[in-house]
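Undergrad:
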Amino acid sequence: MNKIIYFVILLLGTHWYSAQNQTDVSSVKYEELEKRIQSERDKLLVVNFWATTCAPCVKELPYFMEVNNKYKNDPKFKMLLVSLDRAVDKERVLKFIKNKNLGAEVILLDDIKRMNTWIPRFEKNWDGNIPVTIFYKNGEKVHFNDGEMSKEDLENTIAKHLN
1 MNKIIYFVIL LLGTHWYSAQ NQTDVSSVKY EELEKRIQSE RDKLLVVNFW ATTCAPCVKE
61 LPYFMEVNNK YKNDPKFKML LVSLDRAVDK ERVLKFIKNK NLGAEVILLD DIKRMNTWIP
121 RFEKNWDGNI PVTIFYKNGE KVHFNDGEMS KEDLENTIAK HLN
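Numbering follows full-length UniProt numbering, in which position 137 of the sequence shown is assigned residue number 137; successive positions increment by one, without gaps.
#1: Short of 7 Å in beta carbon distance, which residues of its chain neighbour glutamate 148, apart from the five on each side in sequence? Order them along the chain.
#2: Report the CB separation of alanine 104 from leucine 81 in whole angstroms; it is logged as a contact under 8 Å.
#3: Taking the straight line between their C-alpha atoms, what separation do you get for lysine 70 and lysine 35?
#4: With DSSP as the reference, identify every bridge partner of methionine 79, one or two as the case may be.
#5: If we count the other Cβ atoms within 10 Å of its Cβ and call it buried at 16 or more, is proline 110 buried or exposed?
#6: May I ask which residues mark the beginning and end of the beta strand (DSSP E) holding threonine 133?
#7: Grab me the residues of lysine 137's own chain with a C-beta within less than 6 Å of its C-beta, minus the 5 sequence neighbours each way, in chain order.
#8: Between which two residues does the alpha helix (DSSP H) carrying asparagine 116 extend?
#9: Would you decide whether histidine 15 is buried or exposed? Buried here means 16 or more other CB atoms lie within 10 Å of its CB.
#10: Looking at C-alpha atoms only, which residue of Thr117, Asn116, Lys90, Asn68 is the closest neighbour of asparagine 48?
#11: Is there at least one non-hydrogen atom of the ligand SAM closer than 6 Å to the beta-carbon of phenylalanine 144?
#12: Under the rule that 16 or more other beta-carbon atoms within 10 Å means buried, what is residue 176, buried or exposed?
#13: Out of curiosity, what's the CA-to-CA distance linking proline 120 and methionine 79?
#14: So lysine 90 and leucine 108 are supposed to be a Cβ contact under 8 Å. How far apart are they, rounded?
#15: Could you tell me which of Gly128, Asn145, Trp126, Asn129 sits nearest to phenylalanine 135, measuring between CA atoms?
#16: Go ahead and pull the three-state DSSP assignment for serine 27.
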């Protein structure tokens, strides 16, 4: 019985530690992000563009974490949170990740000066506002959501494209 209790405590502690321990955030340019998106060809990739200073972004993130926790063990699913905060605010982003317990991978898109170039490459109808969520399957865009997503819309879009 003691071994079972010890195992459960160890398992829960490991899960908590991994969610709390994103100690760094990769800073990438558009081209690196595009390569990353293309490298996830065998998955439904949910890419959410957000910032710590964006109230609608912060409001929807708990829904994204709930849904990510639901699907994170599915080998055909991946969530990527792309912060549009300034590179000089990287420490604030790391604190935000820890405080909000963000379990999905977070990267910092350090390419704001060229945003008028890369925004239309992601979506020609994207006006630059956030939050924005783009869904890719096999490297191809299958859905674009401009604005805040409800948990229900997020789950429905994933269910529609996952299989």
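Note that beta-carbon positions come from the ideal geometry of N, C-alpha and C, so glycine has one too.
In this text the structure is predicted, and so the values were computed from the model without any measurement.
TA: The answer reads as follows:
#1: As a first step, residue 148 must be located in the sequence shown, where it is residue number 148. Taken in chain order, the residues that qualify are Pro56, Lys59, Glu60, Pro131.
#2: Working through the sequence shown from its first residue, we reach residue 104 at position 104. Working through the sequence shown from its first residue, we reach residue 81 at position 81. The C-beta separation of alanine 104 from leucine 81 comes to about 5 Å, placing the pair in contact by the 8 Å criterion.
#3: Position 70 of the sequence shown holds residue 70. Position 35 of the sequence shown holds residue 35. CA-to-CA, the gap between lysine 70 and lysine 35 works out to about 26 Å.
#4: Along the sequence shown, one-based indexing puts residue 79 at 79. Val46, per the DSSP bridge assignment.
#5: If you number the sequence shown from 1, residue 110 lands on position 110. Sequence inspection shows aspartate at residue 110; the proline mentioned does not correspond to that position. By the 10 Å Cβ count, aspartate 110 comes out buried.
#6: On the sequence shown, position 133 is the one that residue 133 refers to. Unbroken beta strand (DSSP E) run through threonine 133: 132–137.
#7: For the purposes of this step, residue 137 is identified with residue 137 of the sequence shown, where counting begins at 1. Excluding positions up to five away in sequence, the list reads Leu44, His161.
#8: Counted from its first residue, the sequence shown places residue 116 at position 116. Looking at the DSSP string, the run of the alpha helix (DSSP H) that includes asparagine 116 is 115–122.
#9: For this step, residue 15 is matched to residue 15 along the sequence shown. Note that histidine 15 scores 41 on pLDDT, short of 50, meaning its location in the model is unreliable; the coordinates nonetheless yield the value given after this. Residue burial is scored here from C-beta neighbours: histidine 15 has fewer than 16 other C-beta atoms within 10 angstroms and is therefore classed as exposed.
#10: To locate residue 48, count along the sequence shown from 1; it is residue 48. Minimum Cα distance to asparagine 48 is reached at Asn68.
#11: Annotation note on the ligand SAM: not contained in the displayed structure, which lists no ligands.
#12: Lying before the first or after the last residue shown, residue 176 is absent from the chain, which here runs from 1 to 163.
#13: Counted from its first residue, the sequence shown places residue 120 at position 120. Counted from its first residue, the sequence shown places residue 79 at position 79. Going by the C-alpha atoms only, they are around 21 Å apart.
#14: The residue labelled residue 90 in the question sits at position 90 within the sequence shown. The residue labelled residue 108 in the question sits at position 108 within the sequence shown. Confirmed, Cβ separation roughly 6 Å.
#15: The count along the sequence shown starts at 1 and reaches residue 135 at position 135. Of the candidates Gly128, Asn145, Trp126, Asn129, the one whose C-alpha sits nearest the C-alpha of phenylalanine 135 is Asn145.
#16: Working through the sequence shown from its first residue, we reach residue 27 at position 27. Serine 27: strand per DSSP, three-state reduction.
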